[in-house]
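Engineer: Sending over a structure as structure tokens; questions will come in a sec.
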Amino acid sequence: MESVQVQKRLADFSLEAHDLYLNKSVPHLDGPPKPLQFYRDWIAPNKPCIIHNAYSHWPALSRWTPKYLREKIGSKVISVAVTPNGYADAVVGDRFVMPEERQMSFSAVLDIIEGMVQKNGVFYVQKQCSNLLQELPELVDDLEPHVPWMSTALGKSPDAVNFWLGEAKAITSMHKDPYENLYCVISGEKHFILLPPTDRPFIPYGLYQSAVYQEQDSGEFNVIDNTDSQKVPWIPLDPLNPDLERFPQYRLAQPLCCTVKAGEMLYLPSLWFHHVQQSHGCIAVNFWYDMEYDIKYNYFQLLEALSEVSAGPPDMAAA
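According to UniProt numbering, the sequence shown is numbered sequentially starting from 1.
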């Protein structure tokens, strides 16, 4: 009975958030805001928005054609995620499977993206840890290494600046990050499914054996267990095709869907759940600013703990 009461209160809690302050769709801003205004209107209330004309002065928007990138960084060797189906860092069956990390020249990646070379698997330049600054410093002059009004609003520089390039089949499974995220699409478009932290009671988690894909000489991909690692908590639900018989609580979730086009910036607040698709060959750069571990984080930890208690033991499909 107590678990049922907790479930009801958590459901009411989420509905109240949607009624009181969350938007029904992702709002658009005409231009970059003043730092204080952005903090008050979006960061503090933890609400996403799409910002137009925020980086129209970046040379990257016009320069980053395949021809330019081949000339500028074609010979650079970078880390590329390779999977058989486009799902990297995702629950597959009873495993949490990470991509095969392959070292390739940037030109070789473009050959695949442009269809000049046929390869098994799906390729995605998605290595985080500030891969733009670490692996592709030659491109920094084509943009800014931070977003000045965001750095002022938060009083800090970004923890990471990441570069993304991939095939349309490359999908980012639903997850959350402890960062204030500014996601800038340079070419193509990204499709986001967003869920606020207050919908956490409706989002299932499980504990899964960690594994990695490995392509064999035959071209098939094997799943190799990371036997020395702890089990990984991850979301088994696919928001594109949710299994509502297995996860009935997800019926109460209220996802927001938005498309971010070239020249547009998505502010994705910390702790928001997100699932991402993209157009083929989409190029993007994002800035991760570390979140404040303040009362908001404190409240979310409590919400997460109550959600786990009310849902019973985690999905132990990998046990």
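We put the CB at the ideal spot given by N, CA and C, even for glycine. From a predicted model like this one, the values you see are computed outputs, not experimental measurements.
Measure the CB-CB distance between Cys49 and Leu240 and report whether it falls below 9 Å.
Structural biologist: By 1-based counting over the sequence shown, the position of residue 49 is 49. By 1-based counting over the sequence shown, the position of residue 240 is 240. No, these two residues do not count as a Cβ contact at 9 Å.
Engineer: Determine the DSSP secondary structure at Gln128, reduced to helix, strand or coil.
Structural biologist: To locate residue 128, count along the sequence shown from 1; it is residue 128. Three-state DSSP puts Gln128 in coil, outside helix and strand.
Engineer: Give the range of the beta strand (DSSP E) segment to which Trp234 is assigned.
Structural biologist: By one-based count along the sequence shown, residue 234 stands at place 234. Note, Trp234: beta strand (DSSP E), 232-234.
Engineer: Between the Cα of Ile113 and those of Ala170, Arg63, Asp142, spot the shortest distance and give me the residue it belongs to.
Structural biologist: Position 113 of the sequence shown, counted from the start, is the residue given in the question as residue 113. When each option's Cα is compared against that of Ile113, the closest is Ala170.
Engineer: Less than 9 Å between the C-beta atoms of Phe192 and His274, yes or no?
Structural biologist: As a working mapping, residue 192 is identified with position 192 in the sequence shown. As a working mapping, residue 274 is identified with position 274 in the sequence shown. Yes, Cβ-Cβ distance for Phe192 and His274 is below 9 Å.
Engineer: So Asn120 and Phe163 are in contact, right, with Cβ under 8 Å, and what is the actual spacing, rounded?
Structural biologist: Along the sequence shown, one-based indexing puts residue 120 at 120. Along the sequence shown, one-based indexing puts residue 163 at 163. Contact flag wrong, Cβ pair sits at about 24 Å.
Engineer: At a cut of 8 Å, does the segment 96-116 reach the segment 72-85 through at least three beta carbon pairs?
Structural biologist: Contact between the segment 96-116 and the segment 72-85 is present, because at least three Cβ pairs lie under 8 Å.
Engineer: Select from Trp149, Glu135, Pro248 the residue whose C-alpha is nearest the C-alpha of Gln37.
Structural biologist: By one-based count along the sequence shown, residue 37 stands at place 37. Of Trp149, Glu135, Pro248, the residue nearest in Cα terms is Trp149.
Engineer: Start and end of the beta strand (DSSP E) containing Ala284?
Structural biologist: Your numbering for residue 284 matches position 284 in the sequence shown. Counting along the chain, the beta strand (DSSP E) containing Ala284 begins and ends at 283-290.
Engineer: Taking the beta carbon of Leu20 as the centre, do at least 16 other beta carbons fall within 10 Å, making it buried, or is it exposed?
Structural biologist: Taking the sequence shown and counting its residues from 1, one reaches residue 20 at position 20. With fewer than 16 other Cβ atoms within 10 Å, it is exposed.
Engineer: List the endpoints of the continuous alpha helix (DSSP H) containing Tyr68.
Structural biologist: Within the sequence shown, residue 68 is the residue found at index 68, counting from 1. Start and end: 66-73.
Engineer: Suppose only complete runs of 3+ residues qualify. What are the beta strand (DSSP E) ranges in the segment 14-63, listed by chain order?
Structural biologist: Here the runs fully enclosed are 49-52.
Engineer: Is it the case that the Cβ atoms of Ile235 and Ser307 are separated by a distance below 9 Å?
Structural biologist: As a first step, residue 235 is located in the sequence shown; it is residue number 235 there, counting from the start. As a first step, residue 307 is located in the sequence shown; it is residue number 307 there, counting from the start. No.
Engineer: At which residues does the alpha helix (DSSP H) containing Ser307 begin and terminate?
Structural biologist: Within the sequence shown, residue 307 is the residue found at index 307, counting from 1. 295-311 is the extent of the alpha helix (DSSP H) around Ser307.
Engineer: Val91 lies in the beta strand (DSSP E); which residues open and close that run?
Structural biologist: Within the sequence shown, residue 91 is the residue found at index 91, counting from 1. It spans 90-92 - the beta strand (DSSP E) in which Val91 sits, taken as one unbroken run.
Engineer: For Lys127, does the count of other Cβ atoms within 10 angstroms reach 16, so buried, or fall short, so exposed?
Structural biologist: By 1-based counting over the sequence shown, the position of residue 127 is 127. Its Cβ being crowded by 16 or more others within 10 Å, Lys127 is buried.
Engineer: Just checking, does the segment 166-185 make contact with the segment 225-233 on the three C-beta pairs under 8 Å criterion?
Structural biologist: Short answer: they don't touch.
Engineer: When DSSP labels each residue in this structure, what does Ala319 get in the three-state scheme?
Structural biologist: Indexing the sequence shown from 1 puts residue 319 at position 319. Bear in mind that the predicted position of Ala319 carries a pLDDT of just 40, short of 50, making it unreliable; the figure below should be weighed with that in mind. Coil, per DSSP.
Engineer: State the start and end residues of the unbroken alpha helix (DSSP H) segment that holds Met265.
Structural biologist: On the sequence shown, position 265 is the one that residue 265 refers to. That residue, Met265, is in no alpha helix (DSSP H); its beta strand (DSSP E) goes 264-268.
Engineer: Just mark Lys190 as buried or exposed, buried being the case when its beta carbon has 16 or more other beta carbons within 10 Å.
Structural biologist: Working through the sequence shown from its first residue, we reach residue 190 at position 190. It counts as buried.
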